[in-house]
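Undergrad: Supplied in structure tokens, the structure appears directly below.
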Amino acid sequence: MTTNPESTPEGSTGEYSLDEDDQLQPEDTLDDRGVDDILDEGYSPPEQPDGINRYGTTADEQSQGESLAQHLAEEEPDPTALAYQPEAPDPEWRSDEADSDPEFPEGAQVGGRRSGRLIAPDEGVAVHDIQERLATDAGIDGGAASAEEAAVHVIDDDDEF
């Protein structure tokens with residue numbers, strides 16, 4: 017038997033073995049099929065070969081090619097696509113609804129609009145004392161903002177507290 021040395025694990029000859037150390041045992045798998053030895057499970061082949069009635073199994077059909085209409089007619093819907101239908105989201109679980117509290121009305125927040133990414137005046141190149149007190153708004157990042165960035169709001173000079 018010829019083996020590919022790149023695909024054979026180190027220390028293995030590539031030969032089939034009945035040794036328990038070389039076989040994946042049921043406690044090491046994610047499937048529990050009720051057998052003590054994985055080799056006792058067996059294999060049940062399909063009723064007929066897969067694709068025997070499909071277009072393109074003969075040389076003549078392969079040379080002609082398959083039309084787009086024929087290819088689309090063979091498509092089958094994904095059965096798992098309809099398996100999970102999420103329920104309508106509970107309004108209590110929405111972040112803005114969950115955070116709302118009658119004790120703290122919406123209008124009591126400081127600043128009307130959220131700031132984006134904050135960077136130091138020198139864009140973070142050097143270390144200065146001023147970078148802990150002063151930053152410029154670089155705009156909203158393409159990704160999600162961190163909790164600290166989402167908490168920072170812009171306060172205009174004419175805003176009242």
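Residues 17 to 177 (this note's numbering) make up the sequence shown, in order.
Beta carbons: idealized from backbone N, C-alpha and C, even for Gly.
For clarity, every value in this text was computed on a predicted model and none was experimentally measured.
1. Are Ala154 and Arg133 close, meaning C-beta to C-beta below 8 Å?
2. Does the distance from the CB of Glu90 to the CB of Arg70 come in under 8 Å?
3. Taking the C-alpha atoms as reference points, what is the distance between Asp52 and Asp44?
4. Determine the burial state of Ser83: buried for a count of at least 16 other Cβ atoms within 10 Å of its Cβ, exposed for fewer.
5. Roughly how many angstroms lie between the CA atoms of Gln80 and Thr74, to the nearest whole one?
6. On the DSSP bridge assignment, give the partners of His169 in chain order.
7. Gln64 and Gly72: beta carbons closer than 8 Å?
8. Could you check what DSSP says for Asp76 in three-state terms: helix, strand or coil?
TA: Put simply:
1. Between Ala154 and Arg133, the C-beta gap is smaller than 8 Å, which places the two residues in contact.
2. The answer is yes: Cβ separation under 8 Å.
3. Taking the straight line joining both Cα atoms gives about 12 Å.
4. Exposed, by the Cβ-count rule.
5. Gln80 and Thr74: Cα-Cα distance of roughly 10 Å.
6. Paired residues: Arg130.
7. Using a Cβ distance threshold of 8 Å, Gln64 and Gly72 do not count as a contacting pair.
8. In the three-state scheme derived from DSSP, where H, G and I count as helix and E and B as strand, Asp76 is classed as helix.
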